[in-house]
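Line order of the protein sequences matches chains P and F.
Under the numbering used here, the first residue of the first sequence carries the number 10, and numbering increases by one thereafter.
Under the numbering used here, the first residue of the second sequence carries the number 83, and numbering increases by one thereafter.
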Amino acid sequence: MSADMIPLITKAMGETVYMVALSMVIASIIGVPLGVLLHTTAKNQILECAVINKVLGAVVNAVRSIPFVILMVAIIPLTRLLVGSSIGTTAAMVPLVLASVPFIGRQVETSLREIPEGIVEAAQAMGATPMQIITKVLLPEAMPNIVAQLTTVVISLVGESAMAGAIGGGGLGDLAIRYGYQRFRPDIMIATVVVLIIMVQVVQFAGNALAKKLDKR
Amino acid sequence: MIDLSHIEKIYDSPSGPVKAIKDISLHINKGEIYGIIGLSGAGKSTLVRCINLLERPTSGVVTVDGQDITAMSESQLRQARKSIGMIFQHFNLLSSATVYDNVAFPLRLVNAPKEKIHKKVMELLELVGLANKADQYPSQLSGGQKQRVGIARALASEPKILLCDEATSALDPQTTKSILQLIKDINAKLKLTVVVITHEMQVIKDICDKVAVIDKGVIAEKGRVLDVFTNPQQPITKEFISVLLSNDLPVGFREREVKAEPFPDSLLLIRLTFIGESANEPVISKLIKNFDLEVGILFGSLDDIKDVPFGRLIISLDGSQEEIDKAMSYVEKQELKVEVIGYVSRHDSTHH
Ligand SMILES: Nc1ncnc2c1ncn2[C@@H]1O[C@H](COP(=O)(O)OP(=O)(O)O)[C@@H](O)[C@H]1O
Ligand SMILES: [Mg+2]
Numbered sequence: 010m011s012a013d014m015i016p017l018i019t020k021a022m023g024e025t026v027y028m029v030a031l032s033m034v035i036a037s038i039i040g041v042p043l044g045v046l047l048h049t050t051a052k053n054q055i056l057e058c059a060v061i062n063k064v065l066g067a068v069v070n071a072v073r074s075i076p077f078v079i080l081m082v083a084i085i086p087l088t089r090l091l092v093g094s095s096i097g098t099t100a101a102m103v104p105l106v107l108a109s110v111p112f113i114g115r116q117v118e119t120s121l122r123e124i125p126e127g128i129v130e131a132a133q134a135m136g137a138t139p140m141q142i143i144t145k146v147l148l149p150e151a152m153p154n155i156v157a158q159l160t161t162v163v164i165s166l167v168g169e170s171a172m173a174g175a176i177g178g179g180g181l182g183d184l185a186i187r188y189g190y191q192r193f194r195p196d197i198m199i200a201t202v203v204v205l206i207i208m209v210q211v212v213q214f215a216g217n218a219l220a221k222k223l224d225k226r
Numbered sequence: 083m084i085d086l087s088h089i090e091k092i093y094d095s096p097s098g099p100v101k102a103i104k105d106i107s108l109h110i111n112k113g114e115i116y117g118i119i120g121l122s123g124a125g126k127s128t129l130v131r132c133i134n135l136l137e138r139p140t141s142g143v144v145t146v147d148g149q150d151i152t153a154m155s156e157s158q159l160r161q162a163r164k165s166i167g168m169i170f171q172h173f174n175l176l177s178s179a180t181v182y183d184n185v186a187f188p189l190r191l192v193n194a195p196k197e198k199i200h201k202k203v204m205e206l207l208e209l210v211g212l213a214n215k216a217d218q219y220p221s222q223l224s225g226g227q228k229q230r231v232g233i234a235r236a237l238a239s240e241p242k243i244l245l246c247d248e249a250t251s252a253l254d255p256q257t258t259k260s261i262l263q264l265i266k267d268i269n270a271k272l273k274l275t276v277v278v279i280t281h282e283m284q285v286i287k288d289i290c291d292k293v294a295v296i297d298k299g300v301i302a303e304k305g306r307v308l309d310v311f312t313n314p315q316q317p318i319t320k321e322f323i324s325v326l327l328s329n330d331l332p333v334g335f336r337e338r339e340v341k342a343e344p345f346p347d348s349l350l351l352i353r354l355t356f357i358g359e360s361a362n363e364p365v366i367s368k369l370i371k372n373f374d375l376e377v378g379i380l381f382g383s384l385d386d387i388k389d390v391p392f393g394r395l396i397i398s399l400d401g402s403q404e405e406i407d408k409a410m411s412y413v414e415k416q417e418l419k420v421e422v423i424g425y426v427s428r429h430d431s432t433h434h
């Protein structure tokens, strides 16, 4: 182990956290409403609409079926358009967000589907609007499940961010490739892996704890 | 208060259309507790859900408090639903909200001020006896307590109508009694119109003023509970009632042949039903005193139908035909229902 390693790792870790956290926030802002739409436009749900449901479902499935490595490369033009460059930490977030949105959408949809329909009916019988049902019934009732599911999304984002890093996005993946692999620095390689493992453990632990705290069932 | 006119409901199912309700018309007066009883799948839930349009009838008109709710827009309907409370078999409480927040739910939907919500919620929790559980979650409550929360929640928007779909079917008999008592108290206190859906005649008998018996999507019979109980017309109604009232003759009599005409060594068996005040008439002692007959009591029960005493007796009259005829014309003049079961042998023929 050498002294130069600590700042390298800290910097890379900071980049990874930044990429994952910001991607997660942006992806959730789009993905959670997407999941709500996927659920509520389905048959016999409060905003039943076959067309919207089918179109959204097809788009979600299409994006989800593309492996991340390919998605990352395929959307380079889009990334350039959005952030003005195709390399760097910010550029890496475009494919990360794009891959996470449909993932979150499906996870949220699944969580919402588990809510007993009687609870929604009771709210309808009390004169709740569809929007009130979404904000006051569906999301609060599904919250423990959604938190648990989003934890999984964060963990896969950590992995994907490492992949994005490998093609010039910065972060732990970038570090592992450039130093650990290309410059034959097994100490950096090992340190990177250890840091990644710890990050995933921490995320999982925090997610579980939060989900458990929210669960009143 | 509620008027259902020629309601029909057809569901589309993978195996073709299902006619759940076939041309049902029903009128429910203000302040009444109206029971709807039927077997599983008879269409009870569908019918009650047509009252607040959780289920939209395929055809027919639903009038609630003078307004045709089938003609309303979505937002008018949401408004109208605020005056129709509903409670459910499985309570349907928010598991993520406390007892307090569950009861406050309908008030928050209309953005009621905080102080008003607090006052109303505490008042309702007091009414249902759960003021000390305000901060608990539904998972910490018993079934009966959950239903009390359901009732408090249904009353929060000060409805004029309370719909109960199998509200006691998931509860044990003792808890059922206490929930029914609560519904009865609320009906009296708040002058609420109550519709009770059930498959148990006991529920009808305990709290309902009127009853409709529904069978395969049609009303088989309806009327005042007392009338339907004492004089059921349809086999399905008799079936429901028989679960509650044992009509059986004592064991020794069951295998004896019952004949319409007297024969040597025969006894006449009759069934007497006393309702209300007549339950206090000393008919039996008069029979014994005034006629030269042996009067035997083979079966007796005293019950009440929504607080009206309701007694039933099976008696045997043994004596000369002339005395029996005189006694019969006496009992038939009394204010009670008399049914002749028939003549049976005085001796148990199987034990000669
Ligand atoms: N959503 C539905 N889709 C198709 N068939 C239904 C639906 N709801 C009820 N039914 C059918 O309608 C009939 C009446 O059901 P329901 O009103 O629930 O009866 P009950 O409450 O008396 O048990 C049953 O045959 C049931 O299978
Ligand atoms: Mg039912």
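Ideal placement from N, C-alpha and C gives every residue a C-beta, glycine not left out.
Buried or exposed: residue i, going by 16 or more other Cβ atoms within 10 Å of its Cβ?
i	result
K292 of chain F	buried
P149 of chain P	buried
G117 of chain F	buried
N193 of chain F	exposed
H434 of chain F	Since pLDDT at H434 of chain F reaches only 47, below the 50 mark, its modelled position is unreliable, and no value is offered.
S367 of chain F	exposed
R394 of chain F	buried
R115 of chain P	buried
V167 of chain P	buried
I124 of chain P	buried
A51 of chain P	buried
F187 of chain F	buried
A83 of chain P	exposed
I15 of chain P	exposed
T25 of chain P	buried
By DSSP's criteria, residue i is part of a beta bridge. Which residues make up the other side?
i	result
M168 of chain F	F:L245
A294 of chain F	F:I118, F:K304
V451 of chain F	Residue 451 of chain F is absent from the model: chain F starts at 83 and stops at 434.
V146 of chain F	F:I84, F:Q149
E90 of chain F	F:S141
K341 of chain F	F:Y425
S95 of chain F	F:G98
From this set, the options, which residue's C-alpha is nearest residue i's C-alpha?
i	options	result
Q171 of chain F	F:A179, F:A409, F:R230	F:R230
L87 of chain P	P:A59, P:M102, P:R73	P:M102
V300 of chain F	F:D85, F:K101, F:L206	F:K101
T60 of chain F	F:V365, F:T280, F:L176, F:N269	Coverage of chain F is limited to positions 83 through 434, which leaves residue 60 of chain F absent and any answer about it impossible.
L399 of chain F	F:E417, F:D385, F:L380, F:D389	F:L380
I169 of chain F	F:V365, F:V278, F:L418	F:V278
M172 of chain P	P:M14, P:I197, P:V68, P:I96	P:I96
I357 of chain F	F:L384, F:G334, F:E376	F:L384
S221 of chain F	F:V181, F:L253, F:V185	F:V181
L351 of chain F	F:V365, F:I89, F:I423	F:I423
I296 of chain F	F:T319, F:F311, F:P314, F:R306	F:T319
I289 of chain F	F:L418, F:I115, F:N134	F:I115
A8 of chain P	P:L205, P:G44, P:S165	Past the edges of chain P, shown from 10 to 226, lies residue 8 of chain P, and the structure says nothing about it.
I484 of chain F	F:H200, F:D217, F:D267, F:N214	Limits of chain F in this structure are 83 at one end and 434 at the other, which puts residue 484 of chain F out of reach.
S239 of chain F	F:A249, F:I166, F:L207, F:K215	F:I166
T119 of chain P	P:A59, P:L47, P:A30	P:L47
L212 of chain F	F:S178, F:Q256, F:I261	F:I261
Beta strand (DSSP E) containing residue i: first to last residue?
i	result
A238 of chain F	A238 of chain F -> no beta strand (DSSP E), and no H or E assigned at all.
H281 of chain F	It is not in any beta strand (DSSP E) - H281 of chain F carries neither H nor E in the DSSP assignment.
V426 of chain F	419 to 427
G393 of chain F	390 to 400
S348 of chain F	348 to 357
D386 of chain F	376 to 387
G98 of chain F	98 to 110
Ends of the alpha helix (DSSP H) at residue i?
i	result
D192 of chain F	The question names Asp, but residue 192 of chain F in the sequence shown is Val. Looking at the DSSP string, V192 of chain F is not in any alpha helix (DSSP H), and its letter there is neither H nor E.
E405 of chain F	403 to 415
T98 of chain P	98 to 122
G334 of chain F	333 to 336
D196 of chain P	195 to 223
E150 of chain P	148 to 173
A134 of chain P	126 to 134
V26 of chain P	14 to 49
N62 of chain P	59 to 73
Please enumerate, following chain order, all residues with a beta carbon closer than 6 Å to at least one heavy atom belonging to ligand 1. Qualifying residues come out as F:Y93, F:S95, F:V100, F:A102, F:G120, F:S122, F:G123, F:A124, F:G125, F:K126, F:S127, F:T128.
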